[in-house]
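Protein chains in written order, with the numbering used here: chain G, 170 to 335; chain W, -11 to 618; chain Z, 2 to 97. Yeah, the Cβ is synthetic: ideal placement off N, Cα and C, and Gly gets one too. Taking it in order: structure first as structure tokens, then the write-up.
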Amino acid sequence: MIVTASVYLFGGLAALATLLMLFQRNPVKAAMLMLTALLATAGLYLALSAQLLAVLQIILYAGAIMTLFIVALTVTPQALHDKPSAGHLKKVLGLAAAALILVELVKVSAALRGSPFSTAFSDAGTLDLARQLFGRFAYQFELLSLVILASIVAAVTLAAARKVER
Amino acid sequence: MEGNYYPLLKWILAAPLAGFALNGLLGKKLLGEKAGGIAGSLAIFISFVFAALSFSDLLNLPPENRLLRDTLFNWISAGSFSVDAAFRFDPLSAVMALIVTGVSFLIHVYSTGYMKGDAGFNRYFAYLNLFVFFMLTLVLADNPLVMFVGWEGVGLCSYLLIGFWYEDPEKASAGKKAFITNRVGDAGFLIGLMLLWALLSSNGVFSMDFASLEKNAPLLASATVLGMAAPTLICLLLFFGATGKSAQFPLFVWLPDAMAGPTPVSALIHAATMVTAGVYMLARLHFLYELAPKAMEVVLLVGCFTAFFAAVIGLLQKDIKKVLAYSTVSQLGYMFMAAGAGAFSAAVFHLATHAFFKALLFLGAGSVIHGMSGEQDMFKMGGLKKEMPFTFLLMAAGWLAIAGVPGLSGFYSKDLILEKVFEHGGMLVWAVGVLTAALTAFYTTRLFVLTFLRAKRAEGHAHESPLSMTLPMAALAVLAVAGGFLLKDRLFLFLDPAFVQPEHTSQAARLMLVSVAAGLAGIAAAFVLTLPKTAAALKSAAAPLHSLIFHKFYVDEIYAFAVIKPLKLVSDKVLFRFFDAGLIDGVLVNGTAKVSYAAGRALAKVQNGRLDLYALVFAIGVALMLFWVI
Amino acid sequence: MTAHTPAVISFVLFAIAAAGFLTCGSLVRMLMFLELMLNAANIAFVALGPAVKSQAYAVLLFAIAAAEAGVGLALIIALASAFKTLDAGGIKELKG
């Protein structure tokens, strides 16, 4: 019961934060709202008995990615002082598209009403996860390190390029 | 197939063609004037010799079987429509071929003197030879389509030769006028031919050579097209083509303008040969016309009207060549009158004598013009009897011949026509014919008097023409004087083996007296009325009529207003502005380009480089896909 | 609880983030919403499928999201210095 309530709570919090981001002008405040949404997602994970995911969410998303955003916002003055403004038509079309996607997805998910979701806490939950990660998905796991390497190289090249040009 | 195979026929045609090639390809630089003139004349002479040989071979055949043929190759073969390039030599073609090559040869010799020193000397001879080639194709053809090739070819050469001195825009446009007027007639000719073929083939006949046409023509006697009897319609259409080629009303307007060309050209093409093609065509297709009496009536009336009309205009012309041009139109009218009255042999007889004396008259006029250094206005001549005696004598022969003085060639042929017209055409037509004879005598005498007699009006001295010009004239003069008498009965017997010499009735004698009297009256009247004081008095007395006649009844102006102007207007405003420039250029060509361009521009807007728009479109696409799938 | 609930939550989050992505005008914002969309997708992974396997997938997605965020931000910095503006509509170098 509590679990269901907390799922709704955290889910609603994340949705609310994202919604408020839509109307937020100040980019820093928007970043803060994003942080809220990400932390709420972490809570959601906890409620869904994905403890490792919750922790990883906080470390990676809220910790690394968010920090990266804040740093980038600080470094680029244009990002700090941006004034988002889109044409009315674009806004309407965007909202319409998103709404349509939502409606369709909800329609699809009606089939899910039948499948149960266990939120039982199990001692060996993380152990099983580790076994999966380093066992069955070992190849994908190692590939990931390549992906991260590639992204590091790309980031360094892109960000440093201007220094070279000057 | 009837007729005997005769290989010489194609060589009659080949000689002038070779002359054309020689003068045309080698030209002035490589060939030179003297050699070019000799080559051109020699080519025609060879052709004449071959024609004479063929003629004598023809005479050796029995009269019912006088036909020589040669087929060169299969020209058109399209399904059931098959036409050969075939030639025939029968009495009618023999007469025509001899006249064409003979008179042509004399005129070629004359031209070597007349055109001496002209910059386009070799081009002239090339064109003239080409003309003879096409004319021979016309008269030697064995089916109407090969004849049409010759028909068109002589039209082309006429255009080339009328506009020979093309740097003068007036002369060039005279050539254009001739060609275009001819083409109008040719449209009728072609439609008539197509109709003929269509009707014959629907009756199961698929060959169009003249022998089979003659045999199968009666099949058409009962057919009707558009409510008219088929033979009548076909004959009228073919006759319309003849009015174009032979300068009858309403398509005669090109002939007076054609005098812009060199005088030997006028003599050859517009007196002796090309303009007679229409008469030849009628004589060739006489069997068709005999099936259509209504068409023959039309031919008779048109010929009669044209003869009279042209003679009237010729009464007051100032230019010596224009008088002769209208005279030609008038005499051609006589030939058509004869054809319309059913006397096709009489028409051919007059064709022959007319070739002699008209060519002579034109060559004489050319001699006068040559001697007067280019002057063509008769009122500026006079008294040339002393200065150009040869020309004077020879032209006198032509003058008397055309006036119908008894014993000369013109008398026999014209008298015969009038007799036949009286028998078959009616009193009125005959009376108009007699009146026209009087007018003919009048205007020719007037020409003669103003040019050679009376006091000299011009300054300077006119020189007599060289032998190269006077000798051919002499030959023609002999023919003009004696030709009628010699050819008279022999020609008819030759053309129509069933000919029977008619009895000389007293009625015929009376008719003859009337026409001779008319001719003499015309001559006398001309001597009187051309005296300066009398002429001036007459002119002021009948000033409006005089003006009307002098301006050729304003026919050219009427055509320009009624036909040419609307045609130009339609061509410019409708066909050019609306269809060509507007519709095709504007809508189809430019329009397609504009539409493509606009579509391209519109599509280019999709690739505008804006990421947010890309994302938006992407999302809309995903949403729509989900919408339709789920 | 059925799988329906977290699934719908993830769809809602995704839709809102998508709306934001499509209607904002600045590149930085677009990136932020992009991360949120990826986050929502992550939740979806967890919601659907057997517990362990879907969680393993989610872990992998974390790493990918991080890598992508890093590259995206580097791009933004480079674009900002090159074009002096981060307006999504203003950068039109790919115009056709």
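{"Asked": "Under the three-state DSSP convention, the category D197(W) falls into", "Found": "coil"}
{"Asked": "Cβ-based neighbour list, F237(W), same chain, cut-off 8 Å, excluding 5 preceding and 5 following", "Found": "T231, V290, F293, T294, F297"}
{"Asked": "Pair within 8 Å by beta-carbon distance, V316(G) and A64(Z)", "Found": "yes"}
{"Asked": "Among S210(W), G192(W), M182(W), P250(W), nearest to A162(W) - alpha-carbon criterion", "Found": "P250(W)"}
{"Asked": "Contact list for R336(G) against chain Z, beta-carbon separation under 9 Å", "Found": "Look at the range of chain G in this structure, 170 to 335, and you will see that residue 336(G) is not part of it."}
{"Asked": "Nonlocal neighbours in the same chain, by C-beta distance under 7 Å from W153(W), ignoring five residues either side", "Found": "K159"}
{"Asked": "Exposure of Y112(W), with buried meaning 16 or more beta-carbon neighbours within 10 Å", "Found": "buried"}
{"Asked": "Alpha-carbon spacing of A590(W) relative to N596(W), whole angstroms", "Found": "11 Å"}
{"Asked": "M216(W) in three-state terms, based on DSSP", "Found": "strand"}
{"Asked": "Minimum length 3: unbroken beta strand (DSSP E) runs contained in the segment 254 to 320 of chain W", "Found": "none"}
{"Asked": "G26(Z) at chain W interface by Cβ criterion, 8 Å", "Found": "yes"}
{"Asked": "Secondary structure of D626(W), DSSP reduced to three states", "Found": "The shown model of chain W, from -11 to 618, leaves out residue 626(W), and the question about it has no answer."}
{"Asked": "Buried/exposed call for S254(W), threshold 16 Cβ in 10 Å", "Found": "buried"}
{"Asked": "Coarse secondary structure for L178(W), derived from DSSP in three states", "Found": "helix"}
{"Asked": "Outcome for S81(W) when other beta-carbon atoms lying within 10 angstroms are tallied against a minimum of 16", "Found": "buried"}
{"Asked": "Distance, L576(W) Cα to F240(W) Cα", "Found": "42 Å"}
{"Asked": "Three-state secondary structure (DSSP) of V71(W)", "Found": "strand"}
{"Asked": "Runs of beta strand (DSSP E) lying entirely within the segment 432 to 513 of chain W, each at least 3 residues, in chain order", "Found": "none"}
{"Asked": "Reduced DSSP category for D88(Z) - H, G, I as helix; E, B as strand; rest coil", "Found": "strand"}
{"Asked": "Simplified DSSP assignment, three categories, for A4(Z)", "Found": "coil"}
{"Asked": "Any 3 or more C-beta pairs closer than 8 Å across the segment 412 to 429 of chain W and the segment 507 to 517 of chain W", "Found": "yes"}
{"Asked": "Where D365(W) sits in the DSSP three-state scheme", "Found": "strand"}
{"Asked": "Element boundaries [beta strand (DSSP E), containing A66(W)]", "Found": "56 to 66"}
{"Asked": "Nonlocal neighbours in the same chain, by C-beta distance under 6 Å from S68(W), ignoring five residues either side", "Found": "F194"}
{"Asked": "Under 8 Å (Cβ pairs) to chain W, residues found in the segment 179 to 211 of chain G", "Found": "none"}
{"Asked": "Residues that L604(W) contacts on chain Z, provided the C-beta gap is smaller than 7 Å", "Found": "L23"}
{"Asked": "Under 8 Å by beta carbon: chain W residues contacting A19(Z)", "Found": "A607"}
{"Asked": "C-alpha gap between F15(Z) and V583(W), whole angstroms", "Found": "43 Å"}
{"Asked": "Outcome for V356(W) when other beta-carbon atoms lying within 10 angstroms are tallied against a minimum of 16", "Found": "buried"}
{"Asked": "CA-to-CA distance, A587(W) to A206(G), given in whole angstroms", "Found": "46 Å"}
{"Asked": "Test: L35(Z) CB closer than 8 Å to a CB of chain G", "Found": "no"}
{"Asked": "Cβ-Cβ distance between V88(W) and M123(W) below 8 Å", "Found": "yes"}
{"Asked": "Residue span of the alpha helix (DSSP H) that contains M135(W), given as start and end", "Found": "132 to 150"}
{"Asked": "Closer than 7 Å at the beta carbon, the chain G residues around A68(Z)", "Found": "V316, I317, S320"}
{"Asked": "Below-8 Å beta-carbon distance, V594(W) vs any chain G residue", "Found": "no"}
{"Asked": "The segment 273 to 285 of chain W contacting the segment 370 to 382 of chain W, beta-carbon criterion three pairs below 8 Å", "Found": "no"}
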